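Take a look at the structure below.
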Amino acid sequence: MITGALRETGRLFALAAEVSRAVFRRPFQFHEFTEQFWFVASVTILPAALVSIPFGAVIALQVGSLTQQLGAQSFTGGASVLAVVQQASPLIVALLIAGAGGSAICADLGSRTIREELDAMEVMGVSPVQRLVVPRVLAAMGVAVLLNGLVSVVGILGGYFFNVVMQGGTPGAYLSSFSALAQLPDLYVSELKALVFGFIAGIVAAYRGLNPRGGPKGVGDAVNQSVVITFLLLFFVNMVMTAVYLQIVPPKGG
218 MITGALRETG RLFALAAEVS RAVFRRPFQF HEFTEQFWFV ASVTILPAAL VSIPFGAVIA
278 LQVGSLTQQL GAQSFTGGAS VLAVVQQASP LIVALLIAGA GGSAICADLG SRTIREELDA
338 MEVMGVSPVQ RLVVPRVLAA MGVAVLLNGL VSVVGILGGY FFNVVMQGGT PGAYLSSFSA
398 LAQLPDLYVS ELKALVFGFI AGIVAAYRGL NPRGGPKGVG DAVNQSVVIT FLLLFFVNMV
458 MTAVYLQIVP PKGG
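This note's numbering numbers the first residue of the sequence shown as 218 and each following residue consecutively.
Below, the structure written as structure tokens:
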């Protein structure tokens, strides 16, 4: 079991390296990239916007309740905004990219694999990685970066509404605490997380789609496995990136 897991991990990293190299090769499949970008965006924009509202509200309510107990209500806005931008927004985007876009990518590549379309492409001298995988991975990364901004804005607005309306906060205190605690690197790390998470979601979905087992049933199993594996990797990578960021970038005023 351990040997098999290590072998699968090595193949996953090998595919990631091959995709990274193929990005700079020509010709670039711009038409395929455009189609995949629009598809991933169309299935994730509305769910992301809807999910970000309760996430921002829950964070604002929880942080507001905690700050009231500590007598630091003036910092509610800054704390909730930082939680949304640094943590909630990239994870929401990544989970939706993996669950909606990644599953579709895995199913598409898996069905092509069992129909031996990819073998036919290799016989004709066409690289399936460059022709099919690279545009899909880049599309997942691009949508994740752009969607992260949307989720951050909607989540912050939702948190602002619930803090000001439901908890009796003041708009001035909310905005002043945000400007006092937040800094530009917080946005940078949020976008970097979204970019990395999109890459992970695309690579895992492509890898499982390229390696299904057992015919059509294996394609369905590969889709489920790709989503679960992506979720586990995302939470682990998020922990590592957050720890590194907090060590490298000092807090504002620190």
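Idealized CB from N, CA, C, for every residue including glycine.
Predicted model only: the values in this text are computed from it and were never measured.
Query: With distances taken between CB atoms, is the gap from G281 to V436 smaller than 8 angstroms?; Result: no
Query: One question on the structure: do A357 and V257 come within less than 8 angstroms of each other, judged by their Cβ atoms?; Result: yes
Query: Let me know if V240 comes out buried or exposed under the rule of 16 or more other beta-carbons within 10 Å of its beta-carbon.; Result: exposed
Query: How would you write the range of the alpha helix (DSSP H) that M341 sits in, first residue to last?; Result: Looking at the DSSP string, M341 is not in any alpha helix (DSSP H), and its letter there is neither H nor E.
Query: What are the boundary residues of the alpha helix (DSSP H) that V370 is part of?; Result: 351-378
Query: Do A361 and V310 count as a contact pair if the criterion is CB distance below 8 angstroms?; Result: yes
Query: Find out if the Cβ-Cβ distance for the pair I417, V466 is shorter than 8 angstroms.; Result: no
Query: Is the beta carbon of A300 closer than 8 angstroms to that of I270?; Result: no
Query: Among the residues of its own chain, which have a CB less than 6 angstroms from the CB of G415, if the five just before and after it don't count?; Result: I314, A357, M358, A361
Query: Secondary structure at N428, three-state DSSP: helix, strand or coil?; Result: coil
Query: For G375, which residues in the same chain have their Cβ closer than 6 angstroms to its Cβ, ignoring the five residues on either side in sequence?; Result: I270, G273, A274
Query: Between the C-alpha atoms of S237 and S297, what's the straight-line distance to the nearest angstrom?; Result: 36 angstroms
Query: Are L223 and T330 closer than 8 angstroms when you measure CB to CB?; Result: no
Query: I'd like to check one pair, I262 with V354: are the Cβ atoms closer than 8 angstroms?; Result: no
Query: How should N365 be labelled, buried or exposed, when 16 other C-beta atoms within 10 angstroms of its C-beta is the threshold for buried?; Result: buried
Query: May I have the straight-line CA-CA distance separating F452 from Q253, to the nearest angstrom?; Result: 25 angstroms
Query: Under 8 angstroms by Cβ, that's how I've got G295 and F230 pegged, so tell me the actual separation to the nearest angstrom.; Result: That belief does not hold up - the Cβ atoms of G295 and F230 are roughly 39 angstroms apart, past 8 angstroms.
Query: Would you check if the distance between the CB atom of Y391 and the CB atom of V381 is smaller than 8 angstroms?; Result: yes
Query: Starting from R329, trace the alpha helix (DSSP H) in both directions and tell me its first and last residue.; Result: 320-331
Query: Counting only runs that start and end within the region 388-445, where is the alpha helix (DSSP H) found for 4 or more residues in a row?; Result: 388-398, 401-427
Query: Distance check for Y377 and A317, CA to CA, integer angstroms please.; Result: 28 angstroms
Query: For the alpha helix (DSSP H) holding R348, just list the boundary residues, first then last.; Result: Here R348 belongs to no alpha helix (DSSP H), and DSSP marks it neither H nor E.
Query: Leaving out five residues on either side along the sequence, give the residues of the same chain with a beta carbon under 8 angstroms from the beta carbon of L450.; Result: I417, V421
Query: Between which two residues does the alpha helix (DSSP H) harbouring I219 extend?; Result: 219-239
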